[in-house]
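Heads up: the structure comes next, in structure tokens.
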Amino acid sequence: MAAPILDVLVTMPFGDALLDRMRAVSPRVRVTRADPSAADYADTTVLYGNALPADTARAPKLRWVQLHMAGVNTIAAHPLFAETRIALTTTSGVHAATVAEYALTALLALAHRVPRMVEWQAKGGWPPDERRWPLFVPSEVRGTTLGIIGYGSIGRELARMAKSAFAMTILACKRDPSQRVDTGYALPGTGDPDGRLPDGWYAPDTLTDMLARSDVVVLAAPLTRETERMIGAPALAAMKPSAYFINVGRGGSVDEAALTHALRERRIAGAALDVFAQEPPPDGHPFYTLDNVLVSPHVSGFIPTYDDKCTDLFAENLRRFLAGEPLLNTVDRAKGY
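In structure tokens, the structure reads:
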């Protein structure tokens, strides 16, 4: 007797080349594509996309949803999130290297006064010699201490880059520091799957101890109830006045008023922000004008091969689903990521 056909519905605007790579996983797979506004979920067993059916009764056979994004905070209130019989997986790890590169780029730009260089270039000149030293003397990066909040795929790749390239001391803060192995998706040769790189481990309730030791703090944690506004006045007060703060996680994890105050008062040296509580920040937001802040429009994870890499991840998960093996990047609904 022939094995049953597995109906896979893709609601992303993918072309035939990507769909054919999914179909190539097995002759048992039937892949169709539809616009989410007109999709028929009646026979769908596997759904690939970010637009979820508002009524789960429309998808009675659904067993697994592969999301085309790394975070799930935007769908936490969706009825499907509560349907624990339906597996949820993400694309976490696909753009980890690019986001880690962004964090290091931002750190080097802040440390070597690149914004100030651009400012003087626009003026068409150089500052007088007696001002060049105080304006442009850099902060040294090599051998300093990097504190990483959220030791997932991004944090682990950042740790690998920072330690290998700049001999940085790595401190890692995660929900459960005793769980050091990462079983999520990672591109070959990237990350720290065994958790061997950190020189120190911290739980959330000891975060301020890590912040006090760090010369650079990178927030790469998902947005959950526990991480909402975790970087507020107490956390910022624990940081060194010479420290930099970089956020590639979620804007909601930061008390932006407290961060603005800390930056304006030079309680920390500077910040690079790729995510915000409101995106884009409203007109007149102080982040746009503070001279010790780099603002980018939520682009740290942009890569031209994102859809291709996500398709590779989905194809591997599809193979695992057919074989009855554990899926990569399964969402723990209780944790919120």
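Each residue of the sequence shown is one higher than the last, beginning at 653 in the numbering used here.
C-beta atoms are modelled at their ideal positions from N, C-alpha and C, and glycine is treated no differently.
Since this is a predicted model, take the numbers as computed values, not measurements.
For the pair E735 and M769, the Cα-to-Cα distance works out to about 53 Å.
Taking a contact as a CB-CB distance under 8 Å, the pair I955 and H747 counts as one, their CB atoms being some 5 Å apart. R685: member of the beta strand (DSSP E) spanning 681-685, first to last residue.
Around the beta carbon of K826, a 10 Å sphere encloses 16 or more other beta carbons of the protein chains shown; the residue is thus reported as buried. According to the DSSP secondary-structure assignment, A923 is paired through a beta bridge with F897, V945. Contact between the stretch 685-700 and the stretch 658-676 is present: three or more C-beta pairs spanning the two stretches fall below 8 Å.
In chain order, N725, K987, G988, Y989 place their CB closer than 8 Å to the CB of T876, counting only its own chain and leaving out the 5 sequence neighbours on each side.
For T741, the pairing in a beta bridge is given by DSSP as Q718, T982. Taking C-beta atoms under 8 Å as the contact rule, E809 and A749 qualify, at a distance of about 5 Å. Here R916 is not near P893, since their CB atoms are 8 Å or more apart.
Nearest to L719 by C-alpha distance, out of T741, T708, P712, L970, is T741.
Going by C-alpha positions, P767 is about 15 Å away from L756. Under the DSSP assignment, I800 falls in the beta strand (DSSP E) whose first and last residues are 797-801. DSSP links V869 through a beta bridge to G799, F897. Here C962 is not bridged, per DSSP, to any residue.
Excluding sequence positions up to five before and after G807, its CB lies within less than 6 Å of the CB of I800, A872, all in the same chain and listed in chain order. According to the DSSP assignment, T821 belongs to no alpha helix (DSSP H) but to the beta strand (DSSP E) extending over 821-825. When rounded, the separation of the alpha-carbon atoms in E931 and G802 is 22 Å.
Cβ contact annotation for L704 (same chain, cutoff 6 Å, sequence separation greater than five): H730, L732, in chain order. Here V900 is near V751, since their CB atoms are less than 8 Å apart.
Sequence-distant Cβ neighbours of V947 in its own chain, meaning closer than 7 Å and more than five residues away, are L925, F939, Y940. Bounds of the alpha helix (DSSP H) holding D781 are 781-788. Using a Cβ distance threshold of 8 Å, A838 and L863 do not count as a contacting pair. The Cβ atoms of M891 and S905 lie no closer than 8 Å to each other. Cβ-Cβ distances below 8 Å link A814 to L756, L798, M820, I822 in the same chain, with the five nearest sequence neighbours on each side left out; the list follows chain order.
Counted as a single uninterrupted DSSP element, the beta strand (DSSP E) harbouring D659 occupies residues 658-662.
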